[in-house]
Amino acid sequence: MKTFLRILGALVIVGVVALLVFIFWPVSRSAPTQVAANAPEPAEHGEYAMRLADCAACHTAEGGEPFAGGRPIESPVGTIYSANITPDPETGIGGWTLAEFRGALIDGLDEEGHHLYPAMPYTNYRGLTETDIAGLYHYFIEDLEPVRNEVPANDLPFPFDQRWGLRAWKWVAMPDVGFASGATSDDPIERGAYLVEGPGHCGACHSPRNTLFVQDGYTASDAGFLTGGVIAGWTAPALRGEDSAIAGWTAEEVAQILGTGRNAHAAINGEMALVVEDSTQYLTADDLMAVSQYLVGLDGNGANRGQEQGTPSGGLAERLLDDPATQTERILASADPGMPEGARLYLDNCGACHFVDGKGADEVFPELDGSSIVQAGEPTGLISMILHGGALPSTEARPYALRMPGFADRLSDDEVATLASFLRTAWNNEASGTVEAGAVADMRSEEGG
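In this text, residue positions in the sequence shown follow UniProt numbering: the first is 1, and each later residue adds one.
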């Protein structure tokens, strides 16, 4: 018995020592890779690199100063507040060296070597080139005006408030440095791959994550990459595979929605509106097309699929004169007083803009037939849109910010649930499950509507 206790005690001591070593062993930053010979100067490239990396969306609080942080980011373990990345020496990153700045982007470490939470997509930024990193550093340290702003402390319960645990998480989550190739390629597909996989960090939202919150793949060679994710209850749609939101779209249509927030099929909503407003609308025409060609070339995004499913051709007037193509359209066009409640609610509240065929109007009212937000696995986005409406981002190419009204004051929880359930199986939509009134009530309470 004494021998067993000695062995047990020795194991406990070894375990404690190992844990202390794990916690307190100094971290190290990865070494820079080679800079391309024809790389632009940081001063010439900084602002554009910032647009590519979409820094403003997370580091600007609603109503706050640009890049001064404080934006709440909901995670499965609590609320994380984005950092102040202006060059303020006390509350921002003023005084950081390039090596420290690079360490934050690539290794997820602050200037003192503390681990950063993966709300910052440093796993994706490990694909950044040294040219883009240097450009970003120059922009945030040299070009940007400092803003003093103390951001709130993160609201995380124990043990998630202990950053040392992130060291173990990084062992299983971090891809190789420089994994996103093609930054300087003349091939638009390769350039597009770099922009999507690296600075654009599209996979951070549009890829699933496992129970450890590790992203399922970082490049197109990974089967789970861009197959859809869930962010704060909203479904970020798949961009490849059988459920792809852009299946059948042309590269020009993808470029149009990224550049303006709208096209003939859909309109941007939710967090993606910030991406268009702060990032993708500023891409050069070549880069916008490179991203689009890369995306439409992924598996499941075959061209002309939309036409095969019966996407109408011709103008709006000609379209509405056609014979009804679906059972839903026949029911709505009949205006029968005995129609199901969901159909009646649609005619009363949605039909004037989205019409009986659910196809809306190009670049004004998005399609509901085939819509990714309508058919999303999580109906959160659809419920929120019905309750509170939404606005298209104002862009240089499309400055008018069209707004859909909310119906929180007009429809009860039961009516919103009935309408949402109707939409999810109307026309050619095939979403599973009905929307419950309780889910609507919960969202109404959470969002104050």
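Beta carbons are placed, not taken as given, at the ideal position from N, Cα and C, and that holds for glycine.
Original post:
Which whole runs of the alpha helix (DSSP H) in the segment 59-126 are 4 residues long or more, in chain order?
Top reply: Counting only unbroken stretches of 4 or more residues, the alpha helix (DSSP H) elements lying wholly within the segment 59-126 are 98-107, 122-125, in sequence order.
Subject >> Coarse secondary structure for G433, derived from DSSP in three states >> reply: As a first step, residue 433 must be located in the sequence shown, where it is residue number 433. DSSP places G433 in coil when its eight states are reduced to three.
**OP:** Please check the pair A56 and D278, which I expect to be a contact at CB under 8 Å, by giving their CB distance rounded to whole angstroms.
**Re:** Along the sequence shown, read from residue 1 onward, the residue named residue 56 stands at position 56. Along the sequence shown, read from residue 1 onward, the residue named residue 278 stands at position 278. Contact holds; Cβ gap of about 4 Å.
Original post:
Is it the case that the Cβ atoms of L419 and G351 are separated by a distance below 7 Å?
Top reply: Within the sequence shown, residue 419 is the residue found at index 419, counting from 1. Within the sequence shown, residue 351 is the residue found at index 351, counting from 1. Against a cut-off of 7 Å, the Cβ pair of G351 and L419 comes out as no contact.
Subject >> Paired residues, beta bridge with T235 - DSSP >> reply: Start at 1 with the first residue of the sequence shown, and residue 235 comes out as number 235. Answer is V230.
**OP:** Kindly examine the ligand MN and report whether one of its heavy atoms sits closer than 6 Å to the Cβ of G360.
**Re:** The ligand MN is absent from the structure shown, which contains no ligands of any kind.
Original post:
Between G300 and the rest of its own chain, which residues show a CB-CB distance below 7 Å, the 5 nearest in sequence each way excluded?
Top reply: Locating residue 300 in the sequence shown gives position 300, where the first residue counts as 1. Sequence-distant partners of G300 (beyond 5 residues in either direction) whose C-beta falls short of 7 Å from its own C-beta, in its chain, are R240, G241, E242, S244, A247.
**OP:** Report the partner residues of Q215 according to the DSSP bridge assignment.
**Re:** The residue given as residue 215 occupies position 215 in the sequence shown. Under the DSSP definition of a beta bridge, Q215 partners with R209.
Subject >> Three-way DSSP call (helix, strand, coil) for G135 in this model >> reply: For the purposes of this step, residue 135 is taken as residue 135 along the sequence shown, with counting starting at 1. Helix at G135.
Original post:
Using DSSP with H/G/I as helix, E/B as strand and the rest coil, what is D155?
Top reply: Counting from 1 along the sequence shown, the entry for residue 155 is found at position 155. Three-state result, D155: strand.
Subject >> For A267, the three-state DSSP class (helix, strand or coil) >> reply: As a first step, residue 267 is located in the sequence shown; it is residue number 267 there, counting from the start. A267: strand per DSSP, three-state reduction.
**OP:** Taking L411 as part of the alpha helix (DSSP H), name the residues at either end of that continuous run.
**Re:** Here the question's residue 411 lines up with position 411 in the sequence shown. Looking at the DSSP string, L411 is not in any alpha helix (DSSP H), and its letter there is neither H nor E.
Original post:
Which of the three DSSP states, helix, strand or coil, is assigned to F355?
Top reply: Start at 1 with the first residue of the sequence shown, and residue 355 comes out as number 355. In the structure shown, F355 sits in coil (DSSP, three-state: anything other than H, G, I, E or B).
**OP:** Out of A426, S82, V275, T97, state which residue places its alpha-carbon closest to the alpha-carbon of Y346.
**Re:** Against the sequence shown, residue 346 aligns to sequence position 346. The option with the nearest alpha carbon to Y346 is A426.
Original post:
Would you say V77 and F160 are within 7 Å of each other, going by their C-beta atoms?
Top reply: Along the sequence shown, one-based indexing puts residue 77 at 77. Along the sequence shown, one-based indexing puts residue 160 at 160. Yes, they are a contact pair.
**OP:** Enumerate in chain order the residues of its own chain whose CB-to-CB distance from H114 is below 8 Å, with the five nearest sequence positions on each side excluded.
**Re:** Mapped onto the sequence shown, residue 114 falls at position 114. R163.
Original post:
Does the segment 102-109 touch the segment 117-125, meaning 3 or more C-beta pairs lie closer than 8 Å?
Top reply: yes
Original post:
In whole angstroms, what is the alpha-carbon distance linking P379 and I373?
Top reply: For the purposes of this step, residue 379 is taken as the residue at position 379 of the sequence shown. For the purposes of this step, residue 373 is taken as the residue at position 373 of the sequence shown. Roughly 8 Å separates the two Cα atoms.
**OP:** Rounded to whole angstroms, what's the CA-CA distance from C202 to V196? Just pull it up for me.
**Re:** For the purposes of this step, residue 202 is taken as residue 202 along the sequence shown, with counting starting at 1. For the purposes of this step, residue 196 is taken as residue 196 along the sequence shown, with counting starting at 1. Computed Cα separation, rounded: 6 Å.
Original post:
To which residues does DSSP link M404 through a beta bridge?
Top reply: Reading the sequence shown from its first residue, position 404 is the one you call residue 404. Looking at the DSSP output, M404 sits in a beta bridge with G390.
Original post:
Within the chosen definition, does the segment 135-149 reach the segment 222-233 through at least 3 CB pairs nearer than 8 Å?
Top reply: no
**OP:** State whether the segment 391-407 contacts the segment 259-274, with contact taken as three or more CB pairs (one from each stretch) at a distance under 8 Å.
**Re:** yes
Subject >> Reference T363, options Y282, H388, A266, M339, closest by Cα >> reply: For the purposes of this step, residue 363 is taken as the residue at position 363 of the sequence shown. It should be noted that the sequence gives Glu, not Thr, for residue 363. Comparing Cα-Cα distances from E363 to each of Y282, H388, A266, M339, the minimum goes to A266.
Original post:
Are the beta-carbon atoms of I189 and Q256 separated by less than 7 Å?
Top reply: Working through the sequence shown from its first residue, we reach residue 189 at position 189. Working through the sequence shown from its first residue, we reach residue 256 at position 256. Result no, Cβ atoms of I189 and Q256 do not sit closer than 7 Å.
Original post:
Anyone know if the C-beta pair for P208 and G224 falls short of 7 Å?
Top reply: Counting from 1 along the sequence shown, the entry for residue 208 is found at position 208. Counting from 1 along the sequence shown, the entry for residue 224 is found at position 224. In contact: P208 and G224 (Cβ atoms closer than 7 Å).
Original post:
Between A417 and E47, what straight-line distance do the alpha-carbon atoms span, to the nearest angstrom?
Top reply: The residue you call residue 417 lines up with position 417 of the sequence shown. The residue you call residue 47 lines up with position 47 of the sequence shown. Between A417 and E47, the C-alpha separation is close to 44 Å.
Subject >> R191, DSSP secondary structure in three states >> reply: If you number the sequence shown from 1, residue 191 lands on position 191. Reduced to three states, the DSSP call for R191 is helix.
Subject >> Inter-residue spacing [alpha-carbon to alpha-carbon] between D155 and D132 >> reply: Locating residue 155 in the sequence shown gives position 155, where the first residue counts as 1. Locating residue 132 in the sequence shown gives position 132, where the first residue counts as 1. Roughly 32 Å separates the two Cα atoms.
Original post:
Straight-line CA distance for E111 to A376?
Top reply: Working through the sequence shown from its first residue, we reach residue 111 at position 111. Working through the sequence shown from its first residue, we reach residue 376 at position 376. The straight-line gap from Cα to Cα measures roughly 40 Å.
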